[in-house]
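Peer 1: By full-length UniProt numbering, the letter at position 4 of the sequence shown is numbered 4, and the numbering carries on one by one without gaps.
No residue lacks a Cβ here, since even glycine has one placed at the ideal position from N, Cα and C.
Structure incoming, see below.
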Amino acid sequence: LWHLGVVLEREWLSRRLVRRLETLRHLSRHNLCHRTHTVVLFRHRRHLLLRAFCPTYVLTERLYQFLDLQQRDSTVVQYRARFVELGRYAPQIMADESLRTQQFVRGLRPELRQALIVARVTDLDAAYQTTATLEADTLRTRARSAEVQT
Numbered sequence: 001l002w003h004l005g006v007v008l009e010r011e012w013l014s015r016r017l018v019r020r021l022e023t024l025r026h027l028s029r030h031n032l033c034h035r036t037h038t039v040v041l042f043r044h045r046r047h048l049l050l051r052a053f054c055p056t057y058v059l060t061e062r063l064y065q066f067l068d069l070q071q072r073d074s075t076v077v078q079y080r081a082r083f084v085e086l087g088r089y090a091p092q093i094m095a096d097e098s099l100r101t102q103q104f105v106r107g108l109r110p111e112l113r114q115a116l117i118v119a120r121v122t123d124l125d126a127a128y129q130t131t132a133t134l135e136a137d138t139l140r141t142r143a144r145s146a147e148v149q150t
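This is the structure:
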């Protein structure tokens with residue numbers, strides 16, 4: 001049911017964005033410079049478009065989901081994908097490298113979080129690479145232990 005809601009929400013948003021962009025394209029059909037400017041604005045101001053076309057309660061709900069996001073049983077790759085997806089709804093946090101990294105680390109499982117604190121990782125890419133490597137090593141170690149015990 002949650003997935004259906006997300007799909008419907010994305011479809012609704014994409015239809016409204018397409019209609020808006022078609023209107024902009026129609027208005028600037030003969031002006032290449034204006035069309036290029038519109039595309040640049042669209043890429044750099046996506047969060048403004050989200051605010052304009054998405055109901056406030058949805059934006060607020062997604063922001064809280066982002067702030068409460070925890071890795072739990074998911075892999076680091078899955079957690080990062082969800083983090084980036086929900087990060088669209090928190091542009092102020094995602095714009096600041098330090099806040100973005102802190103939020104990412106805050107949601108990791110305790111053993112991975114502790115390793116990043118010890119390693120003093122300061123950017124999101126390094127945090128992701130470090131945790132992905134640690135997780136892969138942990139899985140390999142568990143697999144070897146299981147083989148030895150059997």
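From Leu67 to Ala119, what distance separates their C-alpha atoms?
Peer 2: 23 Å
Peer 1: What do you get for Ala136, buried or exposed, if any count of 16 or more other CB atoms within 10 angstroms of its CB means buried?
Peer 2: exposed
Peer 1: Taking Cβ to Cβ, would you say Glu85 is nearer than 8 Å to Asp123?
Peer 2: no
Peer 1: Rounded to whole angstroms, how far is the Cβ of Leu116 from the Cβ of Ala132, which I believe are closer than 8 Å?
Peer 2: At roughly 12 Å, the Cβ-Cβ gap does not stay under 8 Å, so Leu116 and Ala132 are not in contact.
Peer 1: When the Cα atoms are used, what is the spatial distance from Arg140 to Thr60?
Peer 2: Using only the alpha carbons, I get a separation of about 40 Å.
Peer 1: Tell whether a beta-carbon distance below 8 Å holds between Gln71 and Leu108.
Peer 2: yes
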